[in-house]
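*Asks:* If you read the sequence shown in this note's numbering, its first letter stands for residue 1, the second for the next number, and so on. Ideal Cβ placement from N, Cα and C applies to all residues, glycine included. Model, not experiment: these values are computed from the prediction.
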Amino acid sequence: MRFLCDEMLARLARLLRAAGYDTYLARGGQADDDLLRIARAEDRILLTRDRRLAERAWPASLLVGGRGATAEAQDLAAALPIDWTHAPFTRCVMDNTLLDDAGLQDVARMPPQARVLPGPFRVCPACGRLYWPGSHVRRMSNRLQALAQILPQP
Ligand SMILES: [Zn+2]
Numbered sequence: 001m002r003f004l005c006d007e008m009l010a011r012l013a014r015l016l017r018a019a020g021y022d023t024y025l026a027r028g029g030q031a032d033d034d035l036l037r038i039a040r041a042e043d044r045i046l047l048t049r050d051r052r053l054a055e056r057a058w059p060a061s062l063l064v065g066g067r068g069a070t071a072e073a074q075d076l077a078a079a080l081p082i083d084w085t086h087a088p089f090t091r092c093v094m095d096n097t098l099l100d101d102a103g104l105q106d107v108a109r110m111p112p113q114a115r116v117l118p119g120p121f122r123v124c125p126a127c128g129r130l131y132w133p134g135s136h137v138r139r140m141s142n143r144l145q146a147l148a149q150i151l152p153q154p
């Protein structure tokens, strides 16, 4: 499953990327026609708060009603077989690029307290952002684990 999130669902897009799902996030002000074209061309399920946009992309769309990332994630899991532990931290949460294993030069850019961790150390080839199992990744990881425990609401 691949997704396209409207600009209102940026936090949900980051959660999906952290779980390993290929997720396009709309830029602010990007035209609906453009989003519909990308969703169709790239076979993406359109996630949106906009009822009209959801209707136009139907059936490859989901109208998200819940407020806040957890409620949004619950809406999604109620409609689709989402696995929040799919492939954690294989994509950059900022730009959706698949991560590479970090090289020695990348590891050298990490803070000293990160370098002593057991890894894995990853790097985004697009933006250079580094990922290591420090507090931020752990928090996000706990978040995904918690979401995986939540049963879909009927
Ligand atoms: Zn990146």
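1. Would you mind sorting residue 55 into buried or exposed? The rule is 16 or more other CB atoms within 10 Å of its CB.
2. Using the DSSP secondary-structure output, state which residues sit across from residue 5 in a beta bridge.
3. Rounded to whole angstroms, what's the CA-CA distance from residue 45 to residue 101? Just pull it up for me.
4. Hey, out of 127, 43, 141, 3, whose CA is closest to residue 106's CA?
5. Please give me, in chain order, every unbroken run of the alpha helix (DSSP H) with length at least 4 that falls completely inside the region 92–143.
6. Under the criterion of a Cβ to heavy atom distance below 7 Å, does residue 95 qualify as lining ligand 1?
7. What would DSSP say about residue 41, mapped onto helix, strand or coil?
8. If you compare alpha carbons, which of 71, 69, 89, 37 is closest to residue 58?
9. Tell me whether residue 40 is buried or exposed, calling it buried when 16 or more other Cβ atoms sit within 10 Å of its Cβ.
10. Mark residue 20 as exposed unless 16 or more other C-beta atoms lie within 10 angstroms of its C-beta, in which case mark it buried.
11. Between which residues of its own chain and residue 63 is the CB-CB distance below 7 Å, once the five residues before and five after are set aside?
12. Who are the Cβ neighbours of residue 86 in its own chain at under 7 Å, not counting the five residues just before and after it?
13. Whole angstroms is fine: what's the gap from residue 162's alpha carbon to residue 116's?
14. Kindly examine ligand 1 and report whether one of its heavy atoms sits closer than 7 Å to the Cβ of residue 92.
15. Classify residue 17: buried if its beta carbon has 16 or more other beta carbons within 10 angstroms, exposed otherwise.
16. What do you get for residue 82, buried or exposed, if any count of 16 or more other CB atoms within 10 angstroms of its CB means buried?
*Replies:* Looking at the coordinates:
1. Walking along the sequence shown from the start, residue 55 turns up at place 55. Around the beta carbon of residue 55, a 10 Å sphere encloses fewer than 16 other beta carbons of the protein chains shown; the residue is thus reported as exposed.
2. Locating residue 5 in the sequence shown gives position 5, counting from the first residue. Per DSSP, the beta-bridge partners of residue 5 are 25, 47.
3. In the sequence shown, counting from the first residue as 1, residue 45 sits at position 45. In the sequence shown, counting from the first residue as 1, residue 101 sits at position 101. When the Cα atoms are used, residue 45 and residue 101 turn out to be separated by approximately 29 Å.
4. Position 106 of the sequence shown, counted from the start, is the residue given in the question as residue 106. Ranking the options by Cα distance to residue 106, first place goes to 127.
5. Inside the region 92–143, DSSP marks whole alpha helix (DSSP H) runs of 4 or more residues at positions 104–108, 112–115, from first to last along the chain.
6. For the purposes of this step, residue 95 is taken as the residue at position 95 of the sequence shown. When distances are taken from the beta-carbon of residue 95 to the heavy atoms of ligand 1, the shortest one is below 7 Å.
7. As a working mapping, residue 41 is identified with position 41 in the sequence shown. Looking at residue 41 - three-state DSSP - the assignment turns out to be helix.
8. Reading the sequence shown from its first residue, position 58 is the one you call residue 58. Nearest option by C-alpha distance: 37.
9. Numbered from 1 along the sequence shown, position 40 holds the residue referred to as residue 40. Result: exposed.
10. By 1-based counting over the sequence shown, the position of residue 20 is 20. Classification for residue 20: buried.
11. Your numbering for residue 63 matches position 63 in the sequence shown. The answer, listed in chain order, is 48, 51, 54.
12. Position 86 of the sequence shown holds residue 86. Result list for residue 86: 19, 20, 21, in chain order.
13. The structure shown does not extend to residue 162, since the chain spans only 1 to 154, so no value can be given for it.
14. Translated into positions along the sequence shown, residue 92 becomes position 92. Yes; taking the cut-off as 7 Å, the Cβ of residue 92 has a heavy atom of ligand 1 nearer than that.
15. As a working note, residue 17 is residue 17 in the sequence shown. Around the Cβ of residue 17, a 10 Å sphere holds 16 or more other Cβ atoms; the residue is buried.
16. For this step, residue 82 is matched to residue 82 along the sequence shown. It is buried - the Cβ of residue 82 has at least 16 other Cβ atoms within 10 Å.
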